[in-house]
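To start, the structure under review is shown below, and the notes come after it.
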Amino acid sequence: MPAAAPFDPQAIVDAKYTERPVKPGVTTKRTICQTCDIACSVVCEVKKGRVVKVRSSDNPIFRDNICMKGIVAPKGFANPNRILHPLKRVGERGSGQWQQVSWEDAIADIGTRLKAVIAQHGPEAWAVSTSQWNTATDHGLGRRIMNHIGSPNWISGVALCAGNTAAVNRLTYGWFPFGDFNNTKCIVLMGHNPRRHSWTPIYNYIRSAQARGAKLIVTDPRKSSSAERADIWLPLKAGSDTAMMFGWLKVIFDEQLYDKGFVANWTIGFEELKARVDEYPLDRVAKLTGCDPEMIAKAARMYATSGPAIIPWTPITDMQRNSTSAIRLQCILRAVCGNVDVPGGELLQGFNPDVINESEIEMHEVLSDEQKAKQLGSQEHPAFTYRAQERFREPTKRVYGQEYANLVMGCHMATPSATFRAMAGQGPYPVKAFFFLGNNPIMSYANMPLIIEAMMNQDLIVAHEQFMTPSAQLADYILPADSWLERPWLTDTFGWMSTVRTSEKAMEPPGEARSTFDFWKQMAKALDRPELVPWDTLESFYDYRLKGTGMGWDEFVATTDVHFAKPEFRKYKKTGFATPSGKVELTSSILGDLGFDSLPYFREDPPYDPSYPLKLFTGVREDGYFQTGHRHIPEMRKRHPEPIMFVSPGTARAYNLSEDEWVEVANELGRISIKVSVRDSMPDGLIRIPHGWWKPEMKQGAGHLSGALKYADAQLCRDDDEFLDREQGIPHLKGVPCQIYKVTPGADPARVEEVDAEVTV
Amino acid sequence: MTSSERYLRKQERSAKLAIWMAGRSSRNKTLVDKVCRWLVVKETTLPPEHDFLRDEFVDNDQGFDPDELDRYQRGEEIQP
Numbered sequence: 056m057p058a059a060a061p062f063d064p065q066a067i068v069d070a071k072y073t074e075r076p077v078k079p080g081v082t083t084k085r086t087i088c089q090t091c092d093i094a095c096s097v098v099c100e101v102k103k104g105r106v107v108k109v110r111s112s113d114n115p116i117f118r119d120n121i122c123m124k125g126i127v128a129p130k131g132f133a134n135p136n137r138i139l140h141p142l143k144r145v146g147e148r149g150s151g152q153w154q155q156v157s158w159e160d161a162i163a164d165i166g167t168r169l170k171a172v173i174a175q176h177g178p179e180a181w182a183v184s185t186s187q188w189n190t191a192t193d194h195g196l197g198r199r200i201m202n203h204i205g206s207p208n209w210i211s212g213v214a215l216c217a218g219n220t221a222a223v224n225r226l227t228y229g230w231f232p233f234g235d236f237n238n239t240k241c242i243v244l245m246g247h248n249p250r251r252h253s254w255t256p257i258y259n260y261i262r263s264a265q266a267r268g269a270k271l272i273v274t275d276p277r278k279s280s281s282a283e284r285a286d287i288w289l290p291l292k293a294g295s296d297t298a299m300m301f302g303w304l305k306v307i308f309d310e311q312l313y314d315k316g317f318v319a320n321w322t323i324g325f326e327e328l329k330a331r332v333d334e335y336p337l338d339r340v341a342k343l344t345g346c347d348p349e350m351i352a353k354a355a356r357m358y359a360t361s362g363p364a365i366i367p368w369t370p371i372t373d374m375q376r377n378s379t380s381a382i383r384l385q386c387i388l389r390a391v392c393g394n395v396d397v398p399g400g401e402l403l404q405g406f407n408p409d410v411i412n413e414s415e416i417e418m419h420e421v422l423s424d425e426q427k428a429k430q431l432g433s434q435e436h437p438a439f440t441y442r443a444q445e446r447f448r449e450p451t452k453r454v455y456g457q458e459y460a461n462l463v464m465g466c467h468m469a470t471p472s473a474t475f476r477a478m479a480g481q482g483p484y485p486v487k488a489f490f491f492l493g494n495n496p497i498m499s500y501a502n503m504p505l506i507i508e509a510m511m512n513q514d515l516i517v518a519h520e521q522f523m524t525p526s527a528q529l530a531d532y533i534l535p536a537d538s539w540l541e542r543p544w545l546t547d548t549f550g551w552m553s554t555v556r557t558s559e560k561a562m563e564p565p566g567e568a569r570s571t572f573d574f575w576k577q578m579a580k581a582l583d584r585p586e587l588v589p590w591d592t593l594e595s596f597y598d599y600r601l602k603g604t605g606m607g608w609d610e611f612v613a614t615t616d617v618h619f620a621k622p623e624f625r626k627y628k629k630t631g632f633a634t635p636s637g638k639v640e641l642t643s644s645i646l647g648d649l650g651f652d653s654l655p656y657f658r659e660d661p662p663y664d665p666s667y668p669l670k671l672f673t674g675v676r677e678d679g680y681f682q683t684g685h686r687h688i689p690e691m692r693k694r695h696p697e698p699i700m701f702v703s704p705g706t707a708r709a710y711n712l713s714e715d716e717w718v719e720v721a722n723e724l725g726r727i728s729i730k731v732s733v734r735d736s737m738p739d740g741l742i743r744i745p746h747g748w749w750k751p752e753m754k755q756g757a758g759h760l761s762g763a764l765k766y767a768d769a770q771l772c773r774d775d776d777e778f779l780d781r782e783q784g785i786p787h788l789k790g791v792p793c794q795i796y797k798v799t800p801g802a803d804p805a806r807v808e809e810v811d812a813e814v815t816v
Numbered sequence: 039m040t041s042s043e044r045y046l047r048k049q050e051r052s053a054k055l056a057i058w059m060a061g062r063s064s065r066n067k068t069l070v071d072k073v074c075r076w077l078v079v080k081e082t083t084l085p086p087e088h089d090f091l092r093d094e095f096v097d098n099d100q101g102f103d104p105d106e107l108d109r110y111q112r113g114e115e116i117q118p
């Protein structure tokens with residue numbers, strides 16, 4: 056816990072940059088925080104077999120990369136309500152009646168029931184939802200088992216956060232780049248707002264770059280903290296990023312600011328692109344974005360002429376109706392301005408050659424073409440499904456040495472909405488068994504009512520979890536999961552970057568909590584395929600993966616904070632790009648072949664609906680929480696005790712809203728309760744809804760779901776056609792029509808808060 | 039070779055050197071490693087008045103008491 060110690064700047068400086076002294080009775084472990092998806096290198100201090108402190112790394116290249124969520128992790132995982140033993144549902148689904156069972160009995164019954172589902176409906180009737188941010192030791196083993204069993208229906212929150220970006224980036228230049236913050240001269244944040252306690256290393260990189268003189272351009276409807284520090288802030292309308300980038304390209308092409316040599320030698324489709332861009336003169340772009348045309352032009356010139364520039368990944372363009380076009384335009388801007396694979400630009404790193412990567416472990420080659428064709432959603436929205444991504448097999452082999460590159464896990468996914476429809480009995484075939492690991496699917500995708508219906512229609516639901524989340528409350532089995540303090544880890548940054556890092560195990564897992572590696576090893580056995588996970592322990596699995604380094608896990612983790620691949624730039628000069636043409640595809644041959652527009656385009660909002668005159672955006676992180684987690688940690692709940700909606704002073708006046716007032720926000724899909732906060736930073740007509748709210752202390756079970764039915768933003772996130780990106784099928788979360796309703800306390804007894812006193816926060 | 043090509047090559051050499059130094063600095067075993075670490079620290083250290091990462095929550099963190107964590111996990115009352 057942070058103590059009220061006197062604040063001595065000199066002492067802090069001294070403490071940060073020198074090796075810490077060894078404290079009596081304390082041992083240290085070099086670990087990687089897996090509280091969120093950023094993976095900061097940190098140090099755990101261990102006393103009496105417990106992690107008692109998490110602090111930043113002694114390594115200067117990871118210095119100060121720690122936030123409040125990492126610091127409170129020892130208490131978060133010591134929560135008395137943590138699930139420590141396998142639980143089996145004994146009443147009706149969602150009744151909250153559980154029986155403690157052994158891992159062996161649970162796995163045996165799960166295996167029997169899963170085999171029965173497969174025998175009756177086919178392997179595609181088994182779907183899995185997870186990511187590897189917090190499950191970590193999955194390492195692709197889940198996909199490996201699914202591929203051998205025959206199910207293509209793996210879904211993840213990365214479908215609308217980074218994974219889909221990776222898949223769409225491949226359409227243009229074959230890989231997902233990472234910006235070279237250390238050498239860049241200009242950074243563009245498209246709605247993204249890294250802060251001291253959220254995306255901390257990225258915040259660190261950006262501030263360091265600014266301290267060196269790099270320019271910062273921010274496009275964001277609200278005046279975020281990044282916007283306040285920016286050289287240029289463009290307050291665009293929510294969801295109009297695509298139109299904004301067309302405007303930038305118009306300026307860059309008209310003023311001849313692009314890299315003509317690179318465009319001539321390494322791109323295809325420039326003339327077609329230029330014709331499309333000509334459809335977006337600045338006065339039209341100004342109208343679509345709500346921004347001043349002079350400022351749009353100034354930003355475009357700054358991006359194109361400052362020197363190597365980067366457009367770091369942003370979740371904003373992952374979650375909108377024009378997502379594919381927006382991400383493609385980011386790629387196109389990078390390419391035509393000569394920023395691809397150069398120092399200070401966007402690096403196409405490839406795999407680390409010394410370590411067996413997760414894409415290889417997944418073994419996508421064993422899943423038959425017939426089963427791949429059954430991947431849910433791939434016919435309507437193929438961009439990140441096998442249907443599109445299989446076309447990269449030859450180019451990826453040519454450039455990166457292997458056929459499959461599942462970058463950020465996002466390149467061979469089923470589409471979530473189509474999967475939930477099939478689970479609910481509305482798809483081309485039934486899905487009747489659903490596993491989720493380290494994931495709270497009810498609240499993590501659009502259209503929460505559909506997901507609940509889908510889960511209530513399952514024959515078998517298995518959760519691998521640390522806490523009784525709203526989704527876990529509907530499971531047949533909950534198997535207790537370990538935490539990042541309690542396991543070793545080897546990370547290749549989800550196949551995206553060529554650096555490899557290690558994390559030591561700092562303490563033993565409590566109760567019967569086990570790793571995801573153990574979960575999948577047991578599942579392989581239960582499905583009569585033990586040979587799929589032949590390694591006895593996680594450490595022996597890492598020995599196998601590291602054999603190219605000439606070291607085993609014990610030696611590697613003892614000697615290595617980070618293992619770099621040999622750096623190279625402009626590798627395309629030797630190999631071409633990993634696209635079908637070998638060049639940067641300004642016109643995407645794959646999208647064209649699949650029957651989509653091969654160029655980016657802009658879909659405007661559906662017609663104005665006077666019933667829902669406001670717009671909301673969601674998907675926003677609060678510093679104390681990551682996604683739907685951490686509401687059980689007292690120190691974090693004190694900081695964010697209730698879900699807070701941000702509105703502008705103008706909107707507050709129009710609706711007669713006051714600070715801290717409870718209101719309801721609703722649209723055609725659903726309704727949530729939320730408190731008001733009036734912020735000068737917000738534009739009129741737009742409201743900000745925080746992501747992932749539920750309260751662990753509230754009543755559990757179907758019909759309650761610990762407050763998820765009262766607070767969760769996923770009830771407002773639509774997934775009908777107007778609100779889905781065409782190519783990917785992901786939902787529009789940045790500008791959803793809605794209305795605010797004032798409430799009278801006690802007016803709706805059904806929505807009165809229900810507190811379960813047995814659950815401790 | 040054009041001047042822009044020469045500039046780009048210089049940048050590439052510089053970036054490769056920085057990555058090599060970061061790798062050696064991270065290993066921190068031999069004398070060369072430690073020299074690299076000293077240089078990296080020197081290059082990246084900001085004066086306190088410009089240190090944007092200073093934060094009360096982080097800088098004043100004193101960790102937890104293991105016995106208190108045990109009691110908390112057992113559901114016993116603990117001092118706030």
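Each protein sequence line maps, in turn, to chains A and B.
Per this note's numbering, the first sequence starts with residue 56, numbered consecutively.
Per this note's numbering, the second sequence starts with residue 39, numbered consecutively.
Ideal placement from N, C-alpha and C gives every residue a C-beta, glycine not left out.
Cα atoms of K80 of chain B and L55 of chain B: separation of roughly 16 Å, rounded to the nearest angstrom. E50 of chain B has a beta carbon lying within less than 8 Å of a beta carbon in chain A.
Around the CB of Y45 of chain B, fewer than 16 other CB atoms lie within 10 Å, so the residue is classed as exposed.
For the region 623 to 694 of chain A, the full-length beta strand (DSSP E) segments reaching 3 residues or more read 669 to 675 along the chain.
Listed along chain B are P104, each with a C-beta nearer than 7 Å to that of K102 of chain A. Proximity of chain A to V78 of chain B at the Cβ level (cut-off 7 Å) is accounted for by P115, I116, in chain order. The shortest C-alpha to C-alpha distance from E719 of chain A to any of A:S643, A:Q770, A:G747, A:G432 is the one to A:Q770. Under the DSSP assignment, M299 of chain A falls in the alpha helix (DSSP H) whose first and last residues are 296 to 309.
Taking 8 Å as the cut-off, the Cβ atoms of C466 of chain A and A221 of chain A count as close.
It is roughly 26 Å from the alpha-carbon of S186 of chain A to the alpha-carbon of K765 of chain A. Within chain A, no residue has its CB atom less than 9 Å from the CB of L69 of chain B, the nearest being about 16 Å off. In the DSSP assignment, K170 of chain A falls within the alpha helix (DSSP H) that extends over 158 to 176. Under the DSSP definition of a beta bridge, L779 of chain A partners with A:P786. Inter-residue distance for N407 of chain A and I416 of chain A is about 14 Å (C-alpha atoms, whole angstroms).
Residue contact with chain A for R112 of chain B: present (Cβ-Cβ distance below 8 Å to some residue of chain A). A contact is defined here as three or more CB-CB pairs under 8 Å, and the region 100 to 118 of chain B meets this definition with respect to the region 96 to 112 of chain A. Under the Cβ criterion of 8 Å, R65 of chain B is counted among the residues facing chain A.
Interface criterion not met: the Cβ of K72 of chain B is under 8 Å from no Cβ in chain A. For F619 of chain A, the chain B residues whose C-beta falls within less than 9 Å of its own C-beta are I57, W58, A60, G61, S64, listed in chain order.
Note on geometry: alpha-carbon atoms of I729 of chain A and M700 of chain A lie some 6 Å from one another. Beta-bridge partners assigned by DSSP to K730 of chain A: A:I699, A:W717.
In the three-state reduction of the DSSP assignment, Q49 of chain B falls in the helix class, which pools H, G and I. Closer than 8 Å to the CB of G246 of chain A there is not a single CB belonging to chain B. Of all residues in the region 394 to 405 of chain A, only V397, P398, G399 place a beta-carbon less than 8 Å from a beta-carbon of chain B. Bridge pairing for W544 of chain A: A:S558 [DSSP]. Note on the region 52 to 89 of chain B: whole alpha helix (DSSP H) runs with a minimum of 4 residues are 69 to 82, in chain order. In summary, the residues of the region 584 to 617 of chain A whose CB is separated from some CB of chain B by less than 9 Å are T614, T615, D616, V617, in the order they occur in the chain. When secondary structure is reduced to three states using DSSP, K103 of chain A falls in the coil class, being assigned neither helix nor strand.
Neighbourhood of R44 of chain B in chain A, by CB distance below 9 Å: empty, with the nearest CB roughly 13 Å away. Fully contained in the region 506 to 553 of chain A are the following beta strand (DSSP E) runs of length 3 or more, in chain order: 515 to 520, 532 to 535, 544 to 546. Under DSSP, L142 of chain A forms a beta bridge with A:Q155, A:I533.
Around the CB of G679 of chain A, 16 or more other CB atoms lie within 10 Å, so the residue is classed as buried. It is roughly 20 Å from the alpha-carbon of E445 of chain A to the alpha-carbon of P178 of chain A. The beta carbon of R251 of chain A sits closer than 8 Å to some beta carbon of chain B. Under the Cβ distance rule, P696 of chain A does not count among the residues neighbouring chain B, no pair being separated by less than 8 Å. For the region 192 to 209 of chain A, there are no residues whose beta carbon sits under 7 Å from a beta carbon of chain B.
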